[in-house]
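J.: Sequential numbering of the sequence shown, starting at 33, is according to this note's numbering. Here a beta-carbon is modelled for each residue, glycine too, at the ideal position from N, C-alpha and C.
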Amino acid sequence: MDAIAANPDSIETAQELERQRSLVIAGLPESEAPLASQRVDDDMKQTIAILDNIGIEAKPLAVYRLGQPKKADGSLPLHRLLKVVMPTRGHQRQAIANSKKLREASETKNIYIRPSLTKLEREHEAKIRAAANALKKDGKNRVHVKGFGTNLKLYVADVEYDPVSHEPIALGPKNF
33 MDAIAANPDS IETAQELERQ RSLVIAGLPE SEAPLASQRV DDDMKQTIAI LDNIGIEAKP
93 LAVYRLGQPK KADGSLPLHR LLKVVMPTRG HQRQAIANSK KLREASETKN IYIRPSLTKL
153 EREHEAKIRA AANALKKDGK NRVHVKGFGT NLKLYVADVE YDPVSHEPIA LGPKNF
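#1: Going by CA-CA distance only, name the one from 66, 188, 144 that's closest to residue 174.
#2: Answer yes if the segment 115-129 comes into contact with the segment 49-59, meaning at least three C-beta pairs across the two stretches below 8 Å, and no otherwise.
#3: Please classify residue 43 as buried or exposed, where buried requires at least 16 neighbouring CB atoms within 10 angstroms.
#4: Anyone know if the C-beta pair for residue 201 and residue 145 falls short of 8 Å?
#5: Between which two residues does the beta strand (DSSP E) containing residue 58 stretch?
#6: Could you name the residues of the same chain whose beta carbon sits closer than 8 Å to that of residue 177, not counting the 5 residues immediately before and after it, in chain order?
#7: So, at 6 Å on beta carbons, what are the nonlocal neighbours of residue 179 in its own chain, with the 5 sequence-adjacent residues on each side left out?
#8: Measure the C-alpha to C-alpha separation of residue 152 and residue 113 and round it to an integer number of angstroms.
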């Protein structure tokens, strides 16, 4: 029997290692090719073009769409998320760091790259972003959200705020 299959902790560790070198790309249009293999090839080509655009010298190991391919009415969703497994964590980190370059070109300004996150990390992000939106509605103008997952922080001006109580935590970065 395979050693990984025999040990559930090994499976979780392997999944965590893959997640640590994975990216999620949002906003990338879906292919309308008739065959699934053609759509997968189109996703790979688009992903490689994006990685070239941001200066990443590595080819993804795997690229696949998340979620169901069609809506209930049979129409294609606008853009399902695209999961990209990179060869190393370093390539993943470099892609995230360089992803700001996508804002410079009009054809990629609506494409966003983030790390692959656990459900808990996604829930944490949603709470902080909801708190940021609430603070903006309360008239706070300098609201900033920085980081990803559990490292996501909420700042108003130069002060970090608790996402639940909206109370100041500590001084944040001086430059935004």
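T.: So, from the data block:
#1: Residue mapping note: residue 174 aligns to position 142 of the sequence shown, counting from 1. Checked all of 66, 188, 144; the closest Cα to residue 174 is 188.
#2: Contact between the segment 49-59 and the segment 115-129 is present: three or more C-beta pairs spanning the two stretches fall below 8 Å.
#3: Indexing the sequence shown from 1 puts residue 43 at position 11. Answer is exposed; the Cβ neighbour count stays below 16.
#4: Working through the sequence shown from its first residue, we reach residue 201 at position 169. Working through the sequence shown from its first residue, we reach residue 145 at position 113. Not in contact: residue 201 and residue 145 (Cβ atoms no closer than 8 Å).
#5: The sequence position of residue 58 within the sequence shown is 26, counting from 1. Where residue 58 is concerned, the enclosing beta strand (DSSP E) stretches over 54-58.
#6: The residue given as residue 177 occupies position 145 in the sequence shown. Cβ neighbours of residue 177 beyond the five flanking positions: 160, 161, 164, 184, 185, 186, 187.
#7: The residue labelled residue 179 in the question sits at position 147 within the sequence shown. 185, listed in sequence order.
#8: Along the sequence shown, one-based indexing puts residue 152 at 120. Along the sequence shown, one-based indexing puts residue 113 at 81. In a straight line, the C-alpha of residue 152 is about 18 Å away from that of residue 113.
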